[in-house]
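Please read the structure below before turning to the comments.
Number of protein chains: 2
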Amino acid sequence: MPRITAVNHVAVVVDDMEKSLAFWRDALGIQLQELRDVPAEKSRVAFLPIAGAEVELVMPTTDDSGIAKYLAKRGPGMHHICLEVDHLVSMLAQLKAKNIRLINDEPRTSADGKIYAFIHPESTGGVLVELYQLA
Amino acid sequence: MPRITAVNHVAVVVDDMEKSLAFWRDALGIQLQELRDVPAEKSRVAFLPIAGAEVELVMPTTDDSGIAKYLAKRGPGMHHICLEVDHLVSMLAQLKAKNIRLINDEPRTSADGKIYAFIHPESTGGVLVELYQLA
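Top line first, the protein sequences correspond to chains S and F. Take 0 as the starting number for the first sequence in numbering that gives the first Met the number 0 and just add one per residue. Take 0 as the starting number for the second sequence in numbering that gives the first Met the number 0 and just add one per residue.
This is the structure we're talking about:
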């Protein structure tokens, strides 16, 4: 049986990176590990680790990405939660068997080598859930 | 300097507890630690621990609470993120000094003895942030 092993990150969509960093980094005092352009996702991402988890601030850099459309429609705020799983392929099979709607039916691989898939909010009670398999 | 030490939980507002548990517990396989009525918050809460963090599913049990109004307005989905802090009073002072708007200017104590305060989403980029000081 595949197992959820950790909360990896909570992603927050932001419309003003400097203003968001003024809160998360400067006011709360969480260390900014990296601020990186992610062209594949048409966004700029700030990584703020907290113990084993992370807050990720995601700012769209174009108007045509999924996250840009989300921002235009819903405004800034929490976007998704990412959970770590020990075996993603088995987990996706288990979810499909329980009629959970997936955004990615098969695992995808990010530019930095992470294996991931998203679950559709329709099946989760309105929460966009990402699953990561690390290493 | 006060320090953020962990992600304690992500709270999800739900309109149908059984349907939500069918996803988080039955499909993802996360163990349900407890399903508890919290009269002080006019809600029923499911606690699903994941390593050191937790997903909390919160279902309003009346129509007049803050979370019931949130659900009516925005629909089910992520509601807030709770971060642990080593010294809440110092953190609230630091936030006030940086003109961050707080929902609770002073720490509050929950029925089970946790010391907490909420930060207003206006100052965080649309994210409701709770701070916990444990023990």
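Quick reminder that beta carbons are idealized off the backbone N, C-alpha and C, glycines included.
Neighbour list for residue i in chain F, Cβ cutoff strictly below 7 Å
i              : result
T123 (chain S) : F22
Within 7 Å, strictly: CB atoms of residue i and residue j
i              : j              : result
F46 (chain F)  : Q30 (chain F)  : no
L127 (chain S) : A26 (chain F)  : no
I102 (chain S) : I49 (chain F)  : no
S19 (chain S)  : G124 (chain F) : yes
Contact list for residue i against chain S, beta-carbon separation under 9 Å
i             : result
V11 (chain F) : I80, T123, G124, G125 and V126
Proximal residues of chain S, C-beta to C-beta of residue i below 7 Å
i             : result
S19 (chain F) : G124
CA-to-CA distance, residue j to residue i, given in whole angstroms
i              : j              : result
I66 (chain F)  : M90 (chain F)  : 25 Å
E105 (chain F) : H78 (chain F)  : 22 Å
K41 (chain S)  : H86 (chain F)  : 38 Å
V9 (chain S)   : I80 (chain S)  : 5 Å
E129 (chain S) : A5 (chain S)   : 12 Å
M0 (chain F)   : M16 (chain F)  : 40 Å
K97 (chain F)  : L34 (chain S)  : 22 Å
A134 (chain F) : G28 (chain S)  : 21 Å
S92 (chain S)  : T108 (chain F) : For the sequence presented, residue 92 (chain S) should be read as Ala rather than Ser. A92 (chain S) and T108 (chain F): Cα-Cα distance of roughly 43 Å.
E53 (chain F)  : A52 (chain S)  : 12 Å
T60 (chain S)  : K68 (chain F)  : 33 Å
P38 (chain S)  : V57 (chain S)  : 12 Å
V88 (chain F)  : D62 (chain S)  : 41 Å
K72 (chain F)  : A21 (chain S)  : 29 Å
8 Å Cβ cut-off: residues of chain F touching residue i
i             : result
A67 (chain S) : None at all; the shortest Cβ gap to chain F is about 15 Å.
I49 (chain S) : I3, T4, A5, V6 and L82
Beta-carbon neighbours of residue i, restricted to chain S and to distances below 8 Å
i             : result
Q93 (chain F) : A26 and G28
A52 (chain F) : A5, V6 and A52
Within chain F, partners of residue i - CB distance below 9 Å
i             : result
M77 (chain S) : V9, G76, M77, H78, H79, I80, G125, V126 and L127
D57 (chain S) : Before going on, a small fix: residue 57 (chain S) reads as Val here, not Asp. Residues of chain F passing the Cβ test: none, with the nearest at roughly 11 Å.
K97 (chain S) : A21, F22, D25 and A26
Whole-number beta carbon distance between residue j and residue i, since they are thought to touch under 8 Å
i             : j             : result
G74 (chain S) : V11 (chain S) : About 12 Å separates the two Cβ atoms, so there is no contact after all.
L70 (chain S) : D14 (chain S) : 6 Å
Cut-off 6 Å between Cβ atoms - residues of its own chain near residue i, not counting five sequence neighbours on either side
i              : result
D36 (chain S)  : R43
Y131 (chain S) : N7, C81, E83, K113 and Y115
R24 (chain F)  : L31
H119 (chain S) : R100 and I102
Own chain partners of residue i with C-beta closer than 8 Å, once the 5 adjacent residues on each side are dropped
i              : result
E121 (chain F) : R100
E55 (chain F)  : H8, V9, A10, V11, V44, A45, F46 and L47
F117 (chain S) : H79, L101, I102, N103, L127, V128, E129 and L130
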